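In the numbering used here, the protein residues as written are -19 to 139. Ideal Cβ placement from N, Cα and C applies to all residues, glycine included. Given the structure is predicted, the values throughout are model-derived calculations rather than measurements. Following: one structure in structure tokens, then a few remarks.
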Amino acid sequence: YAGQLFWANAHYVHVGVLESEVTAEQRQRDEILFTALGMPDVLGDQQHWSPMVVERMAERVKQAEHWVKTRDHAVKTCEELEARLEQSQTELKQSQAKLEQSQAELEQTQGTVGQMHTRLTQADATIHALNQQLHDVYQSTSWRMTAPWRWLGNLIKSR
-19 YAGQLFWANA
-9 HYVHVGVLES
1 EVTAEQRQRD
11 EILFTALGMP
21 DVLGDQQHWS
31 PMVVERMAER
41 VKQAEHWVKT
51 RDHAVKTCEE
61 LEARLEQSQT
71 ELKQSQAKLE
81 QSQAELEQTQ
91 GTVGQMHTRL
101 TQADATIHAL
111 NQQLHDVYQS
121 TSWRMTAPWR
131 WLGNLIKSR
């Protein structure tokens, strides 16, 4: 912030005031920043700065501000993406829980279907056995020999 204030008011700020306020650590950070931006020693003699240097510094300030805006936008985008990722992960966990519940219900239903199939198979076997017994009774000699008596008994009952 101190560097931005200095850049914006470079021709108004007196070097002595600035040096008294800037700590050694701030000076070191500023030197690294200014060196990276290709700028002259901002704490040096301002009287030797040409208008071209001041203009170049102003351009660099604008460029740095643009980089800050770009970085801020990237940070905001990253935060939004992280929020969306977190929301998607929450939705995924919910979907996985629903899937597990559905799978448990499916297994229970398959168990019930298996039991019903077993009961149906047993019922079919019982029906087949009873039909076979009935067929055997109808085909037996005793059934055939008693047919007239049954016919006569039915005739008497009907009158």
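Taking a 10 Å sphere around the C-beta of M32, we find fewer than 16 other C-beta atoms and assign the residue as exposed. In the structure shown, the three-state DSSP call for T98 is helix. T126 and L132 have their alpha carbons spaced roughly 10 Å apart. For the pair D116 and G94, the Cα-to-Cα distance works out to about 33 Å. Going by C-alpha positions, S82 is about 36 Å away from T106. M96 sits exposed, since fewer than 16 C-beta atoms from the chains shown fall within 10 Å of its C-beta. Shown here, R139 sits in coil according to DSSP, grouped into three states, outside any helix or strand. Boundaries of the alpha helix (DSSP H) harbouring S122: T121 to M125, taken from the DSSP string.
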